[in-house]
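Reading through the structure tokens given below for one structure.
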Amino acid sequence: DAGVIQSPRHEVTEMGQEVTLRCKPISGHDYLFWYRQTMMRGLELLIYFNNNVPIDDSGMPEDRFSAKMPNASFSTLKIQPSEPRDSAVYFCASSLGGFFLSYTFGSGTRLTVV
Amino acid sequence: GDSVTQMEGPVTLSEEAFLTINCTYTATGYPSLFWYVQYPGEGLQLLLKATKADDKGSNKGFEATYRKETTSFHLEKGSVQVSDSAVYFCALSDLTGNNRKLIWGLGTSLAVNP
């Protein structure tokens, strides 16, 4: 298995632009998690899905952030409009049954908003 | 709510030195505890886990014991190598309701010099 695949690896965009981050979970995993990592706040859970349905989006910072999971093999995290304070590394993770032992992270997308 | 506190880094050691990274937690119920490692430019990987009091997790020479009486899960390694240079995260499982969240510490950066 190729693991959790995120794209792009790096994204540089101008303030006000729309940004879309993509994630392909491990085949068969039914939970998908989006995290944001910054030096100041550490690792923050933004939202997670079970069987493509959002379960908890309490970590989504503002309405500028939205996430979708149209099918079991694909999810997107969109920021519109982007702001410099959104600069961070965004990770996607997936797991089977929500069991933590199967929790697998992607390599992340480093977003820079200038 | 549940929380995890890790010692602040960075930690700098010489090769073959003894490593301890402290982690304490507050939680309701009986969470599982985890250590994850993040190598430069990569996502987080599970290093070891413990699911109940007095359990000892171990992997790659690292160990941690689930101490309920002191609410701690300190990471130790007897002899570190340059290749252990990474950021280490302590985490606990949030089991309230149907949650499938992990609660994360802020991470401790370790640099091992030859």
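Quick note, the sequences are listed as chains L and Y, same order. Position 61, counted from 1, in the first sequence is what our numbering calls 61; the numbers after and before it change by one each time, with no gaps. Start counting at 1 in the second sequence, then tack on 1000, and there's your number in our numbering. For glycine and all other residues, C-beta sits at the position ideal for the given N, C-alpha and C.
Query: Any C-beta of chain Y under 7 Å from that of tyrosine 90/L; Result: no
Query: For valine 1080/Y and leucine 1019/Y, the rounded distance between their alpha carbons; Result: 7 Å
Query: Rounded separation between phenylalanine 74/L and glutamine 17/L - CA only; Result: 22 Å
Query: Within 7 Å of chain Y by C-beta, residues of the stretch 25-43 of chain L in sequence order; Result: Tyr31, Gly42, Leu43
Query: Identified DSSP bridge partners for phenylalanine 49/L; Result: Leu32/L, Pro54/L
Query: With 16 other Cβ atoms within 10 Å as the buried cut-off, status of glutamine 1045/Y; Result: exposed
Query: In DSSP terms, what arginine 110/L is bridged to; Result: His10/L, Val89/L
Query: CB contact check: leucine 46/L to chain Y, cutoff 7 Å; Result: no
Query: Same chain only: Cβ atoms within 6 Å of tyrosine 1030/Y, ignoring 5 sequence neighbours per side; Result: none
Query: Closest residue to valine 1082/Y among Leu1110/Y, Asp1094/Y, Leu1092/Y, Leu1102/Y (Cα-Cα distance); Result: Leu1110/Y
Query: Beta carbon proximity, lysine 1101/Y to chain L, threshold 7 Å; Result: yes
Query: Within chain L, partners of glycine 1043/Y - CB distance below 7 Å; Result: Phe91, Phe105, Gly106, Ser107, Gly108
Query: The beta strand (DSSP E) enclosing glutamate 1016/Y, as first and last residue numbers; Result: Looking at the DSSP string, glutamate 1016/Y is not in any beta strand (DSSP E), and its letter there is neither H nor E.
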